[in-house]
Amino acid sequence: MRTEEFNKCREFLEGQIMRTPDNKELIAAYQKLLELKSIYDTEIHISMLDKKARRMEFQQQVQTTVSATENHEEGISTKDDVQNYNQLQLNQNNLMANQKNWYNYQRIQHHHFGDN
1 MRTEEFNKCR
11 EFLEGQIMRT
21 PDNKELIAAY
31 QKLLELKSIY
41 DTEIHISMLD
51 KKARRMEFQQ
61 QVQTTVSATE
71 NHEEGISTKD
81 DVQNYNQLQL
91 NQNNLMANQK
101 NWYNYQRIQH
111 HHFGDN
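Going by full-length UniProt numbering, the sequence shown opens with residue 1, and the numbers climb by one from there.
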């Protein structure tokens, strides 16, 4: 029962009880109204808590999924970096030879053999 409806019923019953305080049926109806409102409020509160718990579980699952994805991607990146480093180490001698050849080529290009 919504609060507005409850308040209208409560006010009506309280008014009737004030007019005829000896009417046990009105008092019983008033007590039943309070019990039903209490049950309704408890169920609404439990429902809100369940909804909040489900939302928190969903957010936790999303965060876990995002973290797992980031860790997986980071693991792939690290693995690729290690493979690239190892490949560079294997080719280090070749790179040094290429660098020496490049320097020799540059010296030849800038050396004038008296053609001027």
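A virtual CB, placed ideally from N, CA and C, is assigned to each residue, including glycine.
Simplified DSSP state of residue i, which is helix, strand or coil
{"i": "aspartate 50", "result": "helix"}
{"i": "asparagine 116", "result": "With a pLDDT of 44 at asparagine 116, under the threshold of 50, the predicted position of this residue should be treated as unreliable, and no value is reported."}
{"i": "asparagine 23", "result": "coil"}
{"i": "arginine 55", "result": "helix"}
{"i": "arginine 10", "result": "helix"}
Exposure of residue i, with buried meaning 16 or more beta-carbon neighbours within 10 Å
{"i": "leucine 26", "result": "buried"}
Expected contact under 8 Å - CB spacing of residue i and residue j to nearest Å
{"i": "tyrosine 30", "j": "leucine 13", "result": "5 Å"}
Beta carbon of residue i nearer than 7 Å to that of residue j
{"i": "leucine 33", "j": "cysteine 9", "result": "yes"}
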